[in-house]
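Below is one structure, written out as C-alpha cells, with a few remarks after it.
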Amino acid sequence: MNRTDRLLAIVLELQGRGRARADDLARQLEVSKRTIYRDVLALNEAGVPIVSTPGQGYTLMPGYFLPPLHFSVDEAVMLLLGSDVMTQAFDPGLAGAAGRAARKISAVLGEDVQREVQFLRDHLRLVERDPGGDETRGKLRTLRQATLERRTVEFRYYKPRGGGEARRVQPHGLFRLNTAWLLAAFDPDRAALRTFRLDRMEGLRLLSEPFERQPEFKLERDESREGRGLIVRALFAPEVAREVRHHPSYYVTRAQETLDGLLVTLQVRSPEEVLPWLLSWGSACRVLEPASLQARLRDVAQELLRRYP
Numbered sequence: 001m002n003r004t005d006r007l008l009a010i011v012l013e014l015q016g017r018g019r020a021r022a023d024d025l026a027r028q029l030e031v032s033k034r035t036i037y038r039d040v041l042a043l044n045e046a047g048v049p050i051v052s053t054p055g056q057g058y059t060l061m062p063g064y065f066l067p068p069l070h071f072s073v074d075e076a077v078m079l080l081l082g083s084d085v086m087t088q089a090f091d092p093g094l095a096g097a098a099g100r101a102a103r104k105i106s107a108v109l110g111e112d113v114q115r116e117v118q119f120l121r122d123h124l125r126l127v128e129r130d131p132g133g134d135e136t137r138g139k140l141r142t143l144r145q146a147t148l149e150r151r152t153v154e155f156r157y158y159k160p161r162g163g164g165e166a167r168r169v170q171p172h173g174l175f176r177l178n179t180a181w182l183l184a185a186f187d188p189d190r191a192a193l194r195t196f197r198l199d200r201m202e203g204l205r206l207l208s209e210p211f212e213r214q215p216e217f218k219l220e221r222d223e224s225r226e227g228r229g230l231i232v233r234a235l236f237a238p239e240v241a242r243e244v245r246h247h248p249s250y251y252v253t254r255a256q257e258t259l260d261g262l263l264v265t266l267q268v269r270s271p272e273e274v275l276p277w278l279l280s281w282g283s284a285c286r287v288l289e290p291a292s293l294q295a296r297l298r299d300v301a302q303e304l305l306r307r308y309p
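full-length UniProt numbering numbers the first residue of the sequence shown as 1 and each following residue consecutively.
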C-alpha cells in the first residue's frame, strides 16, 4: 500500500469506526506506530482535523465529513456559481468560506463532470454589483457578528430627506433586496421591528449590551413592509414601462400592464420615501393617489419653476 492509499485508509477508518488507536491502525495497515504518527501529522497539516486523546486514540472532528454526495452537472454548476456570487457579495470572512466550499465541491466531482462544470463556469457569469465596496462589507461583518452574538448596535441613520437620527437597535437578520443590503432589527424605543438600509447608516458600533430575540420574528416574512401603511399608485407611460420594471423602487409591491401604461403600486410610511424615485421619471409618471403625494409633487414643481423661470 502506497502512502496516499494509506492516508486515505486512515481517514476512512476513523470515519467508519469513530475512534482508533495508533496500535490498531499500525496492525491493520501493516506499518509501524511511528509511521502512523507521521501519517496523522501529515493529515493534520493538510487540513484534516484529527484529534488525539491520550489513552483513547484518534478521532475525526465531528461534522468534518458529510455522507457521500453525487452531483449532476446542473447541480454542481448552481452550487459553484452561487459560491462565486457569495465571494463578491459578502465580507471577507464569508467570502473566504464560500471559496473554500467551492474548492471542496470541485474536488469531489468526477473527472467528466469537472470538465463540463468548468466549461459552463467559463461561459456563464453572475456579476455582482457592489456599490458599497469595503464600507458595506465592513458593516455586514459587524452586523453579522451582532446578529449571531445577540448584541445591540448603534448608528446614525439618514433618511432620504432630513438630517441623521441616532438609533440603537437589536439586529435580527440581514437580507438583500435588488442591490441594497438591509438590516431587520427590533427597535426598543419604538417597540417594533424595523428595517434599515446599510448605505444610510453612519458610525455603526457594536455594543456589549445583549438582547433576547423577538419570538415572532421570521425573516421569510416581508419585514420590510411592516409599518408601511401608505399605498401609492402611479401610472407610467408605455414608452418607459420596460425601464421601470428594470429599475424598480425598493417600495414597489405590484406592477401591472394596462392599456394606458404600467400601473405600479408601492407601500411606504411617508411620501418622502418614494418622492425621489417618482421624480426621476419626469412627465412619464403620473401619481394617481394619494392626494397628499400629488400635492407634494406640485410643491416640488413650483419650486423648480421658481429656480428656473
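We treat Cβ as the ideally placed atom computed from N, Cα and C, and that holds for glycine.
These numbers come from a predicted model, not from an experiment.
Pairing S270 with D74, the inter-Cα distance amounts to about 45 Å. Just so you know, the alpha carbons of G82 and R115 end up roughly 18 Å apart. Taking 8 Å as the cut-off, the Cβ atoms of A22 and G57 count as close.
Selection L259, A255, E272, V274 evaluated against T265 yields A255 as nearest (Cα-Cα). Runs of the beta strand (DSSP E) lying entirely within the UniProt domain "Helix-turn-helix type 11" (6-58), each at least 3 residues long, are 50-53 in chain order.
DSSP places M78 within a helical segment (H, G or I) once states are collapsed to three.
In this structure A237 is in contact with A284, their Cβ atoms being roughly 4 Å apart against a cut-off of 8 Å. Separation of F196 and A42 (C-alpha to C-alpha, rounded to the nearest whole angstrom) is 48 Å.
The C-alpha of I10 is placed about 10 Å away from the C-alpha of T4. Remark: C-beta atoms of V169 and R205 do not approach each other more closely than 8 Å. For K218, the closest C-alpha among the options V252, R156, G173, A192 is that of G173. D39 sits buried, since 16 or more C-beta atoms from the chains shown fall within 10 Å of its C-beta. T142 carries a helical assignment under DSSP once its states are collapsed to helix, strand and coil. For the 8 Å CB-CB criterion, G261 and L278 do not form a contact. Counting along the chain, the unbroken beta strand (DSSP E) around L174 starts and ends at 164-177. CA-to-CA, the gap between V244 and E257 works out to about 12 Å.
Residues P271 of the same chain have their beta carbon placed closer than 7 Å to that of S292, with the five preceding and five following residues left out of the count.
When DSSP states are grouped into helix, strand and coil, A180 belongs to the strand group. Looking only at E202, E30, L12, the smallest Cα-Cα distance to T59 is reached by L12. The straight-line gap separating the alpha-carbon atoms of F155 and K139 is approximately 11 Å. Residue environment: E273 is assigned as buried (16 or more neighbouring CB atoms within 10 Å of its CB, all protein chains considered). Between V232 and P276, the C-beta spacing is not below 8 Å.
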